[in-house]
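J.:
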Amino acid sequence: MPELAEVESYRKQWDAGLRKKVTRVELHAGKRIFRGVNEKRLATALKGATYQDSEARAKLMCFRFSGGVWVGIHLGMTGELRVEPKDFEPGKHDHLVLFQSARALVFSDPRQFGRVHFHEGRDEPAWWAKLPPAVTSPEFTLERVAAFFQRRARLAVKAALLIQEMFPGVGNWMADEILWRARIDPRVLCGKLSTKQVHALWHESREVCRIALETVGQGASDPPEDWLFHQRWTSKGTCPRDGLQLKTATVGGRTTRWCPRCQR
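For the sequence shown, the positions run 2 to 265 when this note's numbering is used.
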C-alpha cells in the first residue's frame, strides 16, 4: 500500500491540470470506491469547476475545485493517479476521469480497495478535518508519542508504528526504516521501551517522514542510498551499517526485516 511519500508523489501527478476547468467527467457508477458518494451529484458539481489546489495528509489526498467542491482520494493497495491525453478512452479500471481541454486526470484502481470522498461547501469536510497531526508537524510532540506507547504497552513497537491515528502515513517500509535508524528490535513491546528509545523513535519518525517527502515525494525517486530501504525487500538483504544479513519475521501482521546486531 502506498505510504506517505508515495501518496505525495501521486498527488503531484494531477498538478498538470491546476487552474484549468473540468470539461467532462466520466466515472464507473456503482463501484465500491464510490461507497457513500452521490456519483451523479459528484459529476455535476465537477463539470465546469476549476481545479484550484491539492494537499496530501497521511494516505489521503484532497483536491479542491471552484464552487466549494472537495474530492478526496485514498489509493488503497492498487490505486494510482496519472495524466493522459485529452482524447483518452477510459479502461475498466479507470473509475474516475476528469477531462480538461488539454488532458485527462485519471484515478485508476484495479482491486478497488481505494476510495473517493466528495463534499460541497466552504468548510473542511469531516473526512479531511478529522485526520491526526502529521508526523512532521509541531503537534507531533515527544510527550504525545510517549503517552501513546504507554497506552500500547503490550503491543510490539513495529505494530504500534503502523497505527495511523498516531503515525499517519507510515506504512511497512517506513516503520522498518524508523526502527533501523533508532536501533530498536521491531518485536520489543512498547511497555519495555526506555525513555531514550522513545525519544529516538519520535526523532527518527520525523526524520524518515521528512526526508522521504523530500526525495520519494518529489518524483517517486528512491530514498538515500544508505537507507535500509534498499536492502529490506529481499530476505537476502544486508544491513547498510554492518553488512550482517537481515532477519525476517511477521510482526504486526506485516513482513518485517531488521538487523540482529544493531537492533538488539
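Glycine included, each C-beta is placed from N, C-alpha and C at the ideal position. Since the model is a prediction, treat every value here as computed from it, not as a measurement.
Kindly list the residues whose CB is nearer than 8 Å to the CB of residue 96, restricted to its own chain and excluding five residues on each side of it in sequence; keep chain order.
T.: Your numbering for residue 96 matches position 95 in the sequence shown. 28, 29, 32, 34, 35, 108, 109, 110, 113, 117.
J.: Using the beta-carbon count (16 or more within 10 Å), is residue 120 buried or exposed?
T.: The residue given as residue 120 occupies position 119 in the sequence shown. So residue 120 ends up on the buried side.
J.: Using a Cβ-Cβ cut-off of 7 Å (strictly less than) and excluding sequence neighbours within five positions of residue 61, which residues of its own chain qualify?
T.: By one-based count along the sequence shown, residue 61 stands at place 60. Answer for residue 61: 73, 75, 132, listed in chain order.
J.: Specify the secondary structure class of residue 25 as computed by DSSP and reduced to three states.
T.: Position 24 of the sequence shown, counted from the start, is the residue given in the question as residue 25. It is a strand residue.
J.: Taking a contact to mean a Cβ-Cβ separation below 9 Å, would you say residue 176 touches residue 255 in this structure?
T.: Counting from 1 along the sequence shown, the entry for residue 176 is found at position 175. Counting from 1 along the sequence shown, the entry for residue 255 is found at position 254. A contact, by the Cβ cut-off of 9 Å.
J.: If you draw a straight line from the C-alpha of residue 230 to the C-alpha of residue 204, how long is it?
T.: Here residue 230 refers to the residue found at position 229 when the sequence shown is read from its first residue. Here residue 204 refers to the residue found at position 203 when the sequence shown is read from its first residue. Going from the Cα of residue 230 to the Cα of residue 204 covers about 18 Å.
J.: Out of 51, 58, 10, 65, point me to the one whose CA is closest to residue 134's CA.
T.: Walking along the sequence shown from the start, residue 134 turns up at place 133. Considering only alpha carbons, the answer is 58.
J.: Kindly identify the DSSP beta-bridge partner or partners of residue 259.
T.: Here residue 259 refers to the residue found at position 258 when the sequence shown is read from its first residue. Answer is 248.
J.: Can you find the residues in the same chain that come closer than 8 Å, C-beta to C-beta, to residue 53, ignoring five residues on each side of it along the sequence?
T.: On the sequence shown, position 52 is the one that residue 53 refers to. Hits under 8 Å: 19, 20, 65, 66, 67.
J.: Kindly confirm or deny that the segment 146-161 and the segment 239-249 touch, where touching means at least three C-beta pairs closer than 8 Å.
T.: Counting Cβ pairs under 8 Å, fewer than three are found: no touch.
J.: Taking the alpha carbon of residue 182 as the point to measure from, which residue in 170, 208, 195 has its own alpha carbon closest?
T.: Position 181 of the sequence shown, counting from 1, holds the residue named residue 182. Selected option, being the one with the closest Cα: 208.
J.: On the CB-based measure, 16 or more other CB atoms within 10 Å of its CB, does residue 257 come out buried or exposed?
T.: Locating residue 257 in the sequence shown gives position 256, counting from the first residue. Buried, because 16 or more other Cβ atoms sit within 10 Å of the Cβ of residue 257.
J.: To which residues of the same chain is residue 261 closer than 6 Å at the C-beta, ignoring the five residues directly before and after it?
T.: Numbered from 1 along the sequence shown, position 260 holds the residue referred to as residue 261. These residues qualify, in order along the chain: 248.
J.: Near residue 150, what residues of its chain come up, given a Cβ to Cβ distance below 7 Å and the 5 sequence neighbours on each side ignored?
T.: Start at 1 with the first residue of the sequence shown, and residue 150 comes out as number 149. Only 161, 191, 194, 199 meet the Cβ criterion.
J.: Within the segment 120-151, note down every full alpha helix (DSSP H) run reaching 4 residues or more, in order along the chain.
T.: Here the runs fully enclosed are 127-130.
J.: Please check the pair residue 163 and residue 253, which I expect to be a contact at CB under 8 Å, by giving their CB distance rounded to whole angstroms.
T.: Within the sequence shown, the letter at position 162 stands for residue 163. Within the sequence shown, the letter at position 252 stands for residue 253. That pair is a contact at about 6 Å.
J.: Checking the sheet assignment: what are the DSSP bridge partners for residue 54?
T.: Start at 1 with the first residue of the sequence shown, and residue 54 comes out as number 53. For residue 54, which the question treats as bridged, DSSP gives the partners 65.
J.: For a quick check, are the C-beta atoms of residue 206 and residue 171 less than 9 Å apart?
T.: Taking the first residue of the sequence shown as 1, we reach residue 206 at position 205. Taking the first residue of the sequence shown as 1, we reach residue 171 at position 170. Cβ atoms of residue 206 and residue 171: closer than 9 Å.
J.: What residue does the beta strand (DSSP E) around residue 106 start on, and which one ends it?
T.: For the purposes of this step, residue 106 is taken as residue 105 along the sequence shown, with counting starting at 1. That run of the beta strand (DSSP E) goes 105-109.
J.: Name the residue from 201, 143, 56, 228 whose alpha carbon lies nearest to the alpha carbon of residue 212.
T.: As a working mapping, residue 212 is identified with position 211 in the sequence shown. Taking only the C-alpha atoms, the option nearest residue 212 is 228.
J.: Give me, in chain order, the residues of the same chain whose beta-carbon lies closer than 7 Å to that of residue 168; leave out the 5 immediate sequence neighbours on both sides.
T.: The count along the sequence shown starts at 1 and reaches residue 168 at position 167. Excluding sequence neighbours, residue 168 sits near 136, 162, 206.
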